[in-house]
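Enquirer:
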């Protein structure tokens with residue numbers, strides 16, 4: 445069974461994500477699992493490191509005092525209740541949180557930040573980042589995330605976890621297939637999927653097949669999900685759009701109809717010249733600053749950049765790459781206009 449990144453993590457596939465690959469039970473802001481243990485806004489130095497903004501405490505309705513027997517209220521039924529607005533405080537509705545897990549290691553800091561930025565630019569709900577990072581990358585990650593918390597329109601929290609290999613030889617795992625190829629394999633163990641003893645399955649399978657598997661991490665996933673098919677969600681092609689969906693001609697009907705929602709930058713196409721259409725999207729988001737105008741500084745330059753990619757089959761279908769970007773940007777500005785009018 446060929447899985448080919450069905451368990452899609454941005455480090456492995458270098459995905460520019462509009463949403464994210466795996467949706468556990470959505471945690472609300474009041475859920476202790478969603479707010480972590482940080483005490484200060486923007487995160488504090490801890491292990492793991494968490495960054496969030498403090499929550500306002502809702503006041504519970506006070507209990508009604510019992511009136512003595514035989515004594516009636518002197519207030520007329522039609523008289524207004526004094527301080528009625530202060531008696532009961534209704535807490536504002538809290539947003540649902542979308543969770544996105546990502547691994548950052550080695551030289552992948554820029555790619556990790558670009559993935560996170562894309563999620564902030566194109567999401568319509570609050571985000572919770574779970575970042576598993578090398579110790580050497582943690583300070584720069586935390587610095588950038590704290591800057592974004594004060595400038596992005598989307599509310600987001602983050603927690604930075606150290607990368608650990610809970611079973612076997614850590615150095616051996618680190619070099620599986622290629623550098624940074626195995627760090628994300630242990631993410632499902634951190635997520636605790638019910639009924640799936642991930643760690644207990646992974647290491648025995650690796651010991652059994654390590655001399656015969658060709659694709660390392662991918663082969664291990666294929667074996668696990670072959671015996672547990674109900675535990676993997678097969679993404680439609682527009683949510684896992686790869687170069688082979690267009691390099692030989694367009695063969696993803698969903699992307700043609702709806703546009704691309706997740707771009708899968710396999711085989712280094714965000715950095716080499718093999719697929720300039722993919723590279724153009726990556727660089728446009730990487731270079732975008734939160735203070736800039738989305739249409740003027742992102743969409744229109746990217747639209748013009750596609751004129752330089754028409755010598756490739758992927759570059760000849762710019763509408764597939766640009767449709768969701770344009771739709772989302774329009775929704776962003778509609779949201780800002782409505783908020784401004786409603787608050788004035």
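Residue numbers (this note's numbering): 445 to 788. In this text, a Cβ means the ideal position worked out from N, Cα and C, and glycines have one as well.
Give the secondary structure of residue 494 by DSSP, where H, G and I count as helix, E and B as strand, and everything else as coil.
Expert: Working through the chain shown from its first residue, we reach residue 494 at position 50. Looking at residue 494 - three-state DSSP - the assignment turns out to be strand.
Enquirer: For a test of the three-state rule: what should DSSP assign to residue 705, helix, strand or coil?
Expert: Reading the chain shown from its first residue, position 261 is the one you call residue 705. Of the three classes helix, strand and coil, the one that applies to residue 705 here is coil, per DSSP.
Enquirer: Taking its Cβ as the centre, do 16 or more other Cβ atoms sit within 10 Å of residue 563, making it buried, or is it exposed?
Expert: Position 119 of the chain shown, counting from 1, holds the residue named residue 563. Result: buried.
Enquirer: Just list the residues that DSSP pairs residue 691 with in beta bridges.
Expert: Within the chain shown, the letter at position 247 stands for residue 691. 693.
Enquirer: Hey, residue 706 and residue 565: beta-carbon distance below 8 Å or not?
Expert: In the chain shown, residue 706 corresponds to position 262, counting from 1. In the chain shown, residue 565 corresponds to position 121, counting from 1. Cβ atoms of residue 706 and residue 565: not closer than 8 Å.
Enquirer: My assumption, with CB atoms under 8 Å, is that residue 571 sits in contact with residue 589. Please give the rounded CB distance.
Expert: Sequence index remark: in the chain shown, residue 571 carries index 127 (1-based). Sequence index remark: in the chain shown, residue 589 carries index 145 (1-based). Incorrect: roughly 11 Å between the Cβ atoms, too far for contact.
Enquirer: Would you identify the three-state DSSP class for residue 776, choosing helix, strand or coil?
Expert: To locate residue 776, count along the chain shown from 1; it is residue 332. Residue 776 falls in the helix class under three-state DSSP.
Enquirer: Are three or more beta carbon pairs between the region 667-681 and the region 761-769 nearer than 8 Å?
Expert: no
Enquirer: Could you say which of 772, 540, 727 and 758 lies nearest to residue 557 if we only look at CA atoms?
Expert: In the chain shown, counting from the first residue as 1, residue 557 sits at position 113. Residue 557 has its Cα closest to that of 727, out of 772, 540, 727 and 758.
Enquirer: Does the distance from the CB of residue 743 to the CB of residue 769 come in under 8 Å?
Expert: For the purposes of this step, residue 743 is taken as the residue at position 299 of the chain shown. For the purposes of this step, residue 769 is taken as the residue at position 325 of the chain shown. Yes, these two residues count as a Cβ contact at 8 Å.
Enquirer: By Cβ distance below 7 Å, which residues in the same chain neighbour residue 738 in space, the five residues on each side in sequence not counted?
Expert: Here residue 738 refers to the residue found at position 294 when the chain shown is read from its first residue. So the qualifying residues of the chain are 773 and 776.
Enquirer: How many angstroms separate the CA atom of residue 771 from the CA atom of residue 741?
Expert: On the chain shown, position 327 is the one that residue 771 refers to. On the chain shown, position 297 is the one that residue 741 refers to. One C-alpha to the other measures close to 16 Å.
Enquirer: By Cβ distance, which residues of its chain are closer than 7 Å to residue 598, with the 5 residues on each side in sequence left out?
Expert: Within the chain shown, residue 598 is the residue found at index 154, counting from 1. 564, 567, 570 and 571.
Enquirer: With residue 729 as the anchor, note down where its alpha helix (DSSP H) starts and where it stops.
Expert: To locate residue 729, count along the chain shown from 1; it is residue 285. That run of the alpha helix (DSSP H) goes 720-731.
Enquirer: What do you get for residue 753, buried or exposed, if any count of 16 or more other CB atoms within 10 angstroms of its CB means buried?
Expert: In the chain shown, counting from the first residue as 1, residue 753 sits at position 309. Classification for residue 753: buried.
Enquirer: Would you check if the distance between the CB atom of residue 746 and the CB atom of residue 724 is smaller than 8 Å?
Expert: Residue 746 sits at position 302 when you count from the first residue of the chain shown. Residue 724 sits at position 280 when you count from the first residue of the chain shown. Between residue 746 and residue 724, the C-beta gap is smaller than 8 Å, which places the two residues in contact.
Enquirer: Determine which residues share a DSSP beta bridge with residue 686 and list them.
Expert: As a position in the chain shown, residue 686 is number 242, starting the count at 1. Residue 686 pairs with nothing; no bridge assigned.
Enquirer: From residue 594 to residue 689, what does the alpha carbon distance come to, in whole angstroms?
Expert: Here the question's residue 594 lines up with position 150 in the chain shown. Here the question's residue 689 lines up with position 245 in the chain shown. Taking the straight line joining both Cα atoms gives about 38 Å.
Enquirer: Could you check the C-alpha separation between residue 719 and residue 674 for me, to the nearest Å?
Expert: Start at 1 with the first residue of the chain shown, and residue 719 comes out as number 275. Start at 1 with the first residue of the chain shown, and residue 674 comes out as number 230. Each residue's alpha carbon lies about 34 Å from the other.
Enquirer: What would DSSP say about residue 771, mapped onto helix, strand or coil?
Expert: Working through the chain shown from its first residue, we reach residue 771 at position 327. The answer is helix: DSSP assigns residue 771 an H, G or I state.
Enquirer: Tell me, to the nearest whole angstrom, how far the beta carbon of residue 703 is from that of residue 722; I am working on the premise that it is less than 8 Å.
Expert: Stepping through the chain shown from its first residue, residue 703 is reached at position 259. Stepping through the chain shown from its first residue, residue 722 is reached at position 278. Not confirmed; about 15 Å, so no contact.
Enquirer: Between the alpha carbons of residue 577 and residue 694, how many angstroms are there, rounded?
Expert: As a working note, residue 577 is residue 133 in the chain shown. As a working note, residue 694 is residue 250 in the chain shown. Answer to the nearest angstrom: the Cα atoms are 36 Å apart.
Enquirer: Select from 551, 717 and 647 the residue whose C-alpha is nearest the C-alpha of residue 755.
Expert: Counting from 1 along the chain shown, the entry for residue 755 is found at position 311. Selected option, being the one with the closest Cα: 717.
Enquirer: On the three-state DSSP scale, how would you describe residue 739?
Expert: What you label residue 739 is simply residue 295 of the chain shown in a count that begins at 1. Correct three-state label for residue 739: helix.
Enquirer: What separation, rounded to the nearest whole angstrom, lies between the Cα atoms of residue 609 and residue 759?
Expert: What you label residue 609 is simply residue 165 of the chain shown in a count that begins at 1. What you label residue 759 is simply residue 315 of the chain shown in a count that begins at 1. Distance from the CA atom of residue 609 to the CA atom of residue 759, rounded to whole angstroms, is 41 Å.
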